[in-house]
Amino acid sequence: MMMPKLDPRTVDEVRSKADLYDVVSERVVLRKAGKDYKGLCPFHEDRSPSFYISPSKQIYKCFSCGASGDVFKFLMEQDKSSFTETVIALAQRYGISVQAAQPEQSAEYARKLTKRQQLSEIMELATQFYSYALHSEKGKAAYAYLKQRALTEKTIQQFRLGYSPAGWQSLYTYLVEQKHFPAKLVEEAGLIVPRGNSQGYYDRFRDRLMIPICDTKGQVIAFGGRALGDEQRPEAPCKKHPWGGSTLGVPKYLNSPETELFQKGQTLFAIHEAKMAIARMDAAIIVEGYFDAIALHQAGITHAVATLGTAMRSDQVKQLLRYTESKQVILNFDADNAGVQATERAIGELGDLVVKSGVQLRILHLPADKDPDEYLQSHSPQSYLELVKSAPLWLEWQVDRLFKGKDLGQTDDFQKVSRDLATLFSELPDSIGRTQYIHRVAGRLSQGNGRLAVQLEEDFRRRTRVRAKQKEAPTERAKTGEVSAHHKAEAQLLVIFIQVPELRELIRQAMAEHCIAIKVPEYRNLWDVLCAQTEHSNAHADLVVDHNSEATQSLLHHVDPFTLSRPKELFQATIKFLAIAECERQSTRIGQLCDEAEAQEDWEKWHVLWSNGNMKS
């Protein structure tokens, strides 16, 4: 259904009540900076804080990429949502009644508006149902299992753990027959499944420990269900059962399907409990299992989250980077073969993000192939944190993996390690210490032979340089393209000025209005000459131009005569391009001056610069 146009009064009320700091601080770690706040920009790969918000003005500004706006624009850009969708989301957040501009659309709109709310209500009631079942007679075995895992009642309540009864329609009966939710809506929430051969539904989760999965606000959006045994068990009843059960084994863990509320690749378990601790510790720990994360939280290590049994995704790590300024992320997957393979896949998935965003990714594998839950049963939390501190960076871990199990005295092993290392280093930019790593591994490969170490180091450097040049070539071409675009724009402006007398005054006015100056050195003198010729004479007079000069030849090289067939449109487009370029240059400069003022703790100067930057944006 098309979104109706909102009543302007609704928009105004939302604008007046929505708080930019409140919204942004859920996604960006903000630090006090005078009267305002700063953090890493969420709109580009920011290495140092260049994103500022002003609570008094309710606006934000990035002095690096130029992003700026109010709370509406922030959410529209972040969530890729329309203006109407953004206003609706904020209205729900701040308890504001939403009205459509045309009254006849209000009923239809209200139905659409309440669907997500109904799904959230269904998930909340299901959580309460499972929690009640856990503490009932039916849940005795499940509760005993949690106690066996040394979970306290406080932890059980904190994570709202529950139990799904073994019956095929326990939750269905509660939500559909007692609470009167439409079965189709409960199905859309991922809690019941249609029967395969006739009408009717059965519960998706049966006889399982239920682990609610929440969004960053703590609202339940999905469930993870754990079978009450370590072995896969037959799915009772037999194939003749009216609900269509089979005798196939069932998985130890079963997650909710993706729904309107839940997307696996963008969700981390326990993020709502961990986000403030991540900001406080300036680091995040990622583990594989729900119970690993729960055990860490129970031990007081509350900056831990867990994946959802799927491959690690860069979107999940980006979510964590909102809360840690130093971008410290520790990956603590299991140390068995499956865990090591999962770690390698995660590094492969996160490689670009790690390199481009400066993420300090460390890899922790616990002794004796233990997972965090097992480790904490026999070791103190402090012991675990010491291991976290000493965890190697991802590149060191990968280098160690390449050496592991290899006999460097054997030619085949030596050559394989050398080739693999060269391939690994060729993928790295020098900004993360490529040269230092090459020196270290060359010494390790040489096994104390100084002459061989020098030869190996030079060989690694040579291979890496060749590969790096191949990767950098497109970047250099792009930079050249950017320079050429600016050259071409200034060239076009000068040619129009020379050949179209009626536009000369408009060009002068536009350049003054947008603070545009001719920047290309070879054009600057020519521009001064042209201005001098027209300053005290008829602006429409013919100009004296040396067509053999280097500057004039450059103009002719950069401008296609065909484009001058529509000079006014070309003039307008050229001015727009140069105005944007000048605005970006000024924005970057203001950002640099703000950083200098902040370093000197000159907050009055900083605030003046910040205000000027926003007036120009």
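If you read the sequence shown in numbering that gives the first Met the number 0, its first letter stands for residue 0, the second for the next number, and so on.
Virtual Cβ for every residue (Gly too), placed ideally from N, Cα, C.
A distance below 7 Å between beta-carbons, with the five flanking residues on each side excluded, links P566 to the following residues of its chain, in chain order: I495, V499, L502. Cβ atoms of H513 and A578 come within 8 Å of each other, at about 4 Å. As the crow flies, the alpha-carbon of D411 is around 9 Å from that of K405. An exposed status is given to Q435, since fewer than 16 other beta-carbon atoms sit within 10 Å of its beta-carbon. Under the Cβ criterion (8 Å, minimum of three pairs), the region 327 to 341 counts as touching the region 279 to 295.
By the CB criterion at 8 Å, F204 and L133 fall outside the cutoff. S67 sits in a strand when the DSSP states are folded into three classes. Judged by DSSP in its simplified three-state form, G224 adopts strand. Under a 10 Å Cβ-count criterion, Q315 is classified as buried, with 16 or more other Cβ atoms of the shown protein chains found around its own Cβ.
For I95, no beta strand (DSSP E) run applies, since DSSP gives it neither H nor E.
Inclusion of R321 and P41 in the CB contact set at 8 Å is warranted, their separation being smaller than that value.
Counting every other CB atom within 10 Å of its CB across the protein chains shown gives H179 a total below 16, marking it as exposed.
A distance below 7 Å between beta-carbons, with the five flanking residues on each side excluded, links E25 to the following residues of its chain, in chain order: T215.
In the DSSP assignment, D368 falls outside any alpha helix (DSSP H), carrying neither H nor E. Linking L260 to R361 through their CA atoms gives a straight-line distance of about 31 Å.
Judged by pairs of C-beta atoms under 8 Å, the region 155 to 170 does not touch the region 80 to 98, as fewer than three such pairs exist. Scanning D21, L386, I284, G65 for the CA closest to the CA of E581 turns up G65. Taking C-alpha positions only, E123 is separated from E324 by approximately 33 Å. Cα atoms of S313 and G347: separation of roughly 10 Å, rounded to the nearest angstrom. With a 10 Å radius around the Cβ and a threshold of 16 neighbouring Cβ atoms, G33 comes out buried. Between the region 139 to 149 and the region 166 to 178, the count of Cβ pairs shorter than 8 Å is below three; the stretches do not touch. Proximity of the region 292 to 307 to the region 5 to 18 falls short of the contact definition, fewer than three beta-carbon pairs being nearer than 8 Å.
Contact between D206 and L190 fails: their C-beta atoms lie close to 15 Å from each other, not under 8 Å. Only buried fits K60, as 16 or more other CB atoms lie within 10 angstroms of its CB. It is roughly 31 Å from the alpha-carbon of Q265 to the alpha-carbon of S382. Residues of the same chain with a CB within less than 7 Å of the CB of E385, apart from the 5 flanking positions on each side, do not exist. Here V22 is not near F82, since their CB atoms are 8 Å or more apart.
For A282, the beta-bridge partners assigned by DSSP are Q327. Spatial neighbours of T151 in its own chain (CB-CB distance under 7 Å, excluding positions within 5 residues in sequence) are listed in chain order as Q297. Its Cα nearest to that of R588, the residue F62 stands out among F62, T301, Y51, R439. Rounded to the nearest angstrom, the gap between the Cα atoms of A337 and Q397 is 16 Å.
Cβ contact annotation for R159 (same chain, cutoff 7 Å, sequence separation greater than five): T126, S130, P211, in chain order. Between Y200 and the set P181, Q218, L208, G217, the nearest pair of CA atoms involves P181. Looking only at T342, K274, P256, M75, the smallest Cα-Cα distance to M311 is reached by T342. Remark: C-beta atoms of V70 and L5 do not approach each other more closely than 8 Å. Counting only the Cα atoms, E76 lies some 28 Å from Q571.
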